[in-house]
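A.B. asks: Protein sequence lines, in the order shown, are assigned to chains A and B.
Just so we're aligned, residue 1 is where the first sequence starts under the working numbering, counting upward by one.
Just so we're aligned, residue 356 is where the second sequence starts under the working numbering, counting upward by one.
A virtual CB, placed ideally from N, CA and C, is assigned to each residue, including glycine.
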Amino acid sequence: MNQRILMKGNEVIAEAAVRAGCRHYFGYPITPQTEIMHYMAHRMIEAGGVMVQAESEVAAINMVYGAAAAGARVMTSSSSPGISLKQEGFSYIAGAELPAVVVNIVRSGPGLGGILPAQGDYFQATKGGGHGDYRNIVLAPASIQELYELTVDAFNLAERYRMLTMIFGDGTLGQMMEPVLFREEEPINRPDRPWAVTGTQGRREHNTVQSIYIEADDLEQVNLRLQAKYHEVAAQETRYETVGCDDAEIIVVAFGTCSRISRNVIRQAADEGIKVGLVRPITLWPFPEHILDQLSQKGHVRAFLDIELNSGQMLEDVRLAVNGRRPVHFLGRMGGNLPTQKEILEKIREIAGRS
Amino acid sequence: MTDYSIILAGFGGQGILSSGRIVATAALLEGREVSWFPSYGPEMRGGTANCSVVISDEAIGSPVVNEPDVLIALNGPSLEKFAGQVRPGGLVIVDRSLVHQQPQRDDLRFFAIPASEMASNLGNMAFATVILLGCLSRNSDCMGREAFEKALYEVLPERHHHLIPAEMSAFDQGVAFQAAT
Numbered sequence: 001m002n003q004r005i006l007m008k009g010n011e012v013i014a015e016a017a018v019r020a021g022c023r024h025y026f027g028y029p030i031t032p033q034t035e036i037m038h039y040m041a042h043r044m045i046e047a048g049g050v051m052v053q054a055e056s057e058v059a060a061i062n063m064v065y066g067a068a069a070a071g072a073r074v075m076t077s078s079s080s081p082g083i084s085l086k087q088e089g090f091s092y093i094a095g096a097e098l099p100a101v102v103v104n105i106v107r108s109g110p111g112l113g114g115i116l117p118a119q120g121d122y123f124q125a126t127k128g129g130g131h132g133d134y135r136n137i138v139l140a141p142a143s144i145q146e147l148y149e150l151t152v153d154a155f156n157l158a159e160r161y162r163m164l165t166m167i168f169g170d171g172t173l174g175q176m177m178e179p180v181l182f183r184e185e186e187p188i189n190r191p192d193r194p195w196a197v198t199g200t201q202g203r204r205e206h207n208t209v210q211s212i213y214i215e216a217d218d219l220e221q222v223n224l225r226l227q228a229k230y231h232e233v234a235a236q237e238t239r240y241e242t243v244g245c246d247d248a249e250i251i252v253v254a255f256g257t258c259s260r261i262s263r264n265v266i267r268q269a270a271d272e273g274i275k276v277g278l279v280r281p282i283t284l285w286p287f288p289e290h291i292l293d294q295l296s297q298k299g300h301v302r303a304f305l306d307i308e309l310n311s312g313q314m315l316e317d318v319r320l321a322v323n324g325r326r327p328v329h330f331l332g333r334m335g336g337n338l339p340t341q342k343e344i345l346e347k348i349r350e351i352a353g354r355s
Numbered sequence: 356m357t358d359y360s361i362i363l364a365g366f367g368g369q370g371i372l373s374s375g376r377i378v379a380t381a382a383l384l385e386g387r388e389v390s391w392f393p394s395y396g397p398e399m400r401g402g403t404a405n406c407s408v409v410i411s412d413e414a415i416g417s418p419v420v421n422e423p424d425v426l427i428a429l430n431g432p433s434l435e436k437f438a439g440q441v442r443p444g445g446l447v448i449v450d451r452s453l454v455h456q457q458p459q460r461d462d463l464r465f466f467a468i469p470a471s472e473m474a475s476n477l478g479n480m481a482f483a484t485v486i487l488l489g490c491l492s493r494n495s496d497c498m499g500r501e502a503f504e505k506a507l508y509e510v511l512p513e514r515h516h517h518l519i520p521a522e523m524s525a526f527d528q529g530v531a532f533q534a535a536t
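(1) My assumption, with CB atoms under 8 Å, is that Pro141 (chain A) sits in contact with Leu116 (chain A). Please give the rounded CB distance.
(2) Tell me the rounded alpha-carbon separation between Glu184 (chain A) and Glu249 (chain A).
(3) Does the contact criterion of 3 or more C-beta pairs under 8 Å hold for the region 467-476 of chain B versus the region 437-452 of chain B?
(4) By a C-beta neighbour count over all protein chains shown, 10 Å radius and 16 as the cutoff for buried, is Ala205 (chain A) buried or exposed?
(5) Going by DSSP in three states, Tyr213 (chain A) sits in which element: helix, strand or coil?
(6) Could you give the DSSP three-state label for His329 (chain A): helix, strand or coil?
(7) Spatial neighbours of Glu357 (chain A) within its chain, please: CB distance less than 6 Å, with the 5 preceding and 5 following residues excluded, ordered by chain position.
(8) Would you please verify whether the beta carbon of Arg43 (chain A) is less than 8 Å from any beta carbon of chain B?
(9) With which residues is Pro393 (chain B) paired in a DSSP beta bridge?
(10) Measure the CB-CB distance between Ile361 (chain B) and Val419 (chain B) and report whether it falls below 8 Å.
(11) Using CA atoms only, rank isn't needed, just tell me which of A:Arg4, A:Gln341, A:Ile307, A:Ile137 is closest to Gln268 (chain A).
(12) With which residues is Asn104 (chain A) paired in a DSSP beta bridge?
(13) Whole angstroms are fine: how far does the CA of Thr242 (chain A) sit from the CA of Val301 (chain A)?
(14) Between His38 (chain A) and Val50 (chain A), what straight-line distance do the alpha-carbon atoms span, to the nearest angstrom?
(15) Which of the three DSSP states, helix, strand or coil, is assigned to Ile13 (chain A)?
(16) Anything in chain A within Cβ reach of Thr380 (chain B), meaning under 7 Å, just list it in chain order.
(17) Relative to the C-alpha of Ile530 (chain B), which candidate in B:Gln456, B:Gly431, B:Val485 has its C-alpha closest?
(18) Less than 8 Å between the CB atoms is what I'm expecting for Phe526 (chain B) and Leu477 (chain B), so what's the real figure, rounded?
(19) So what does Gly277 (chain A) bridge to, in DSSP terms?
(20) By Cβ distance below 6 Å, which residues in the same chain neighbour Thr238 (chain A) in space, the five residues on each side in sequence not counted?
(21) Determine the direct distance from the alpha carbon of Pro81 (chain A) to that of Leu112 (chain A), and round the result to whole angstroms.
(22) Return the Cβ separation of Asn136 (chain A) and Leu164 (chain A) in integer angstroms, given the expectation that the two are a contact with Cβ distance under 8 Å.
(23) Kindly give me the distance between the Cβ atoms of Met63 (chain A) and Cys22 (chain A), rounded to whole angstroms, as I take these residues to be in contact under 8 Å.
(24) Just to confirm my understanding: we take Leu98 (chain A), look at its own chain, exclude 5 residues before and 5 after, and list those with CB closer than 8 Å. What are they?
(25) Could you tell me which residues DSSP pairs with Ile468 (chain B) in its beta bridges?
(26) Below 6 Å CB to CB, which residues in the same chain sit around Glu11 (chain A) once its five sequence neighbours on both sides are set aside?
(27) Taking 8 Å as the CB-CB limit, is Arg260 (chain A) close to chain B?
(28) Closest to Pro187 (chain A) by CA distance: which of A:Met7, A:Arg19, A:Arg4, A:Gly120 is it?
(29) Using the C-alpha atoms, what's the distance from Thr357 (chain B) back to Tyr230 (chain A)?
(30) Within 10 angstroms of the Cβ of Gly335 (chain A), are there 16 or more other Cβ atoms? Answer buried if so, exposed if not.
(31) Have a look at Val133 (chain A) and Asp317 (chain A) and give me their C-alpha separation to the nearest angstrom.
(32) On the three-state DSSP scale, how would you describe Ala303 (chain A)?
(33) Taking all protein chains shown into account, do 16 or more other C-beta atoms lie within 10 angstroms of the C-beta of Arg354 (chain A), making it buried, or fewer, making it exposed?
(34) Can you give me, in chain order, the residues of the region 178-197 of chain A that have a beta carbon less than 9 Å from any beta carbon in chain B?
(35) Quick one: is His24 (chain A) buried, meaning 16 or more other Cβ sit within 10 Å of its Cβ, or exposed?
(36) Spatial neighbours of Phe366 (chain B) within its chain, please: CB distance less than 8 Å, with the 5 preceding and 5 following residues excluded, ordered by chain position.
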């Protein structure tokens, strides 16, 4: 396949996972991401893998835990309410230091909420969700092509750091179609997994996968090791994209669907003589605080504008990074609505004092 | 071309979602950037279906369309719901066999084609949307005939490929349709 083909976001995630060597998928249906499971149902048979429709989200994440412990490339996917149910499993996977990929195609909440797109699970994804001092790597794609690239990357990151890696999309990205170009073949370089419970066959001492440590000193050592790992991830794997920030007076910070809409406003604003740049976090954790810190110290930058499909969650991270040096404004939509280019442009005019 | 956006709307089962997909595929084959976005929200429960297609020479921002350049409506409620959102000077194409009202605006290019009747004469009701897409092709530059035909081969399952020559005749009838009013 050397041409771009039109595919639905959810199906691209599933296809990317299979190409990345994922042969175990456990899920439970929920709109707007059910096509992932639907696609896996036939694709895993072709690929010689396993797709199980579990009896619940809790069962699915614990099947992931088991397959990951055995060293398999494994994935589950869900949407907001279903992800809430999986959080206990995320914490155990973090404690046991297992690699796994989880997809959250976020819908609007709280509660059962609605099935339309939102980014209201930012806190849950980046600040914990489950119990204990742990982190997940959280990747935020903004296009169908990037859903493919980042899903492949998610498996590699998960195994490199033995961490749960989350694809954080929203209903728009899951449901929309856009062209995607697949590489002919996906190079799969998996690290050795001497920790996996694969049966000793009499050759070695048995491995143990656990998250329980009764002695305070033992558990503190585990936590220190986890924190050291998280620092390394933050140093090595923080990703973002910048557009037109070199001379911008207003910097928009937005990820996923909001970043796509914002990007198209930059030129419109330039036509009116307002220089707008965009910082698009690609990793939500680790958060690209460094670039925002740097930009907030530039003379040409007058203000920041954070745009999200929630009431202002990443906004807190932006404010921490900017550290009071510049005003940080906010534009958010909720309930499944998206901001329009017009709405964003009006907000930019207001900040620039042109309204 | 800057963003050119289309809303296709009607009842579930009229081929609305796949028609949008064919238009998007045709534009992609012509080298454009495209997006397709289905209504997967609560409106589907009422039995209506719609999708948005955006065609552009640049990366597309929002796949959700608020002010379409084109509305293709296959039932009355869809015309009522979306006609007010179409950009001034925009194109509205309806299946006159199913839609008996007109948009309450005079700043639109309006085509009312008896598509279901024409499709019935061609012996296949499913061709109604294809006739409307022929009209779209004639009155916009979002896709040409050749790309449309190629897109049919890409999007339709192989078991339906034998119907494509007949679909192209239907398409040509849509291209040839002249507003009678």
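C.D. replies: According to the data block:
(1) That pair is no contact at about 18 Å.
(2) Between Glu184 (chain A) and Glu249 (chain A), the C-alpha separation is close to 42 Å.
(3) Yes, the region 467-476 of chain B is in contact with the region 437-452 of chain B.
(4) Strictly speaking, residue 205 (chain A) in this sequence is Glu, with Ala absent from that position. Exposed, since its Cβ has fewer than 16 Cβ neighbours within 10 Å.
(5) If DSSP states are grouped into helix, strand and coil, Tyr213 (chain A) belongs with coil.
(6) DSSP places His329 (chain A) in the strand class (E or B) of the three-state scheme.
(7) It is not possible to answer for residue 357 (chain A), since the shown part of chain A is limited to 1 through 355.
(8) No, Arg43 (chain A) does not count as interfacial toward chain B.
(9) DSSP lists B:Cys406 as the bridge partner or partners of Pro393 (chain B).
(10) Against a cut-off of 8 Å, the Cβ pair of Val419 (chain B) and Ile361 (chain B) comes out as no contact.
(11) Nearest neighbour of Gln268 (chain A) by Cα position, chosen from A:Arg4, A:Gln341, A:Ile307, A:Ile137, turns out to be A:Gln341.
(12) BP columns for Asn104 (chain A) point to A:Ser78, A:Phe168.
(13) Going from the Cα of Val301 (chain A) to the Cα of Thr242 (chain A) covers about 14 Å.
(14) If you take the alpha carbons of His38 (chain A) and Val50 (chain A), they lie about 13 Å apart.
(15) Helix.
(16) Within 7 Å Cβ-Cβ: Leu6.
(17) Sequence check: residue 530 (chain B) is Val here, not Ile. Nearest C-alpha to Val530 (chain B) among B:Gln456, B:Gly431, B:Val485: B:Val485.
(18) Leu477 (chain B) and Phe526 (chain B) do not touch by the CB rule: their CB atoms are close to 11 Å apart, not below 8 Å.
(19) Partner(s): A:Ile251.
(20) Same-chain partners within the cutoff: Thr283, Pro286, Pro288.
(21) In this structure, the straight-line span from the alpha carbon of Leu112 (chain A) to that of Pro81 (chain A) is close to 6 Å.
(22) That pair is a contact at about 5 Å.
(23) Not really, about 13 Å apart at Cβ, beyond 8 Å.
(24) The beta carbon of Leu98 (chain A) sits closer than 8 Å to those of Tyr65, Ala68, Ala69, Arg162, Leu164, Val209, all from its chain and outside the five residues before and after it, given in chain order.
(25) Within the DSSP secondary-structure output, Ile468 (chain B) pairs in a beta bridge with B:Asp450.
(26) In the same chain as Glu11 (chain A), and ignoring 5 residues on each side of it, the C-beta atoms closer than 6 Å to its own belong to Glu35, Tyr39, in chain order.
(27) With 8 Å as the cut-off, Arg260 (chain A) counts as an interface residue toward chain B.
(28) Checked all of A:Met7, A:Arg19, A:Arg4, A:Gly120; the closest Cα to Pro187 (chain A) is A:Arg19.
(29) Their backbone Cα atoms lie some 44 Å apart in a straight line.
(30) Here Gly335 (chain A) is exposed, its C-beta having fewer than 16 other C-beta atoms within 10 Å.
(31) Checking the displayed sequence, the identity of residue 133 (chain A) turns out to be Asp instead of Val. Distance between Asp133 (chain A) and Asp317 (chain A), taken at the CA atoms: about 18 Å.
(32) DSSP places Ala303 (chain A) in strand when its eight states are reduced to three.
(33) Arg354 (chain A) is exposed by the Cβ-count criterion.
(34) Of all residues in the region 178-197 of chain A, Glu178, Pro179 have a Cβ within less than 9 Å of some Cβ in chain B.
(35) The residue in question, His24 (chain A), is buried, as its Cβ has 16 or more Cβ neighbours within 10 Å.
(36) For Phe366 (chain B), where only same-chain residues beyond five positions count, the Cβ hits under 8 Å are Gly402, Thr403, Ala404, Leu429, Asn430.
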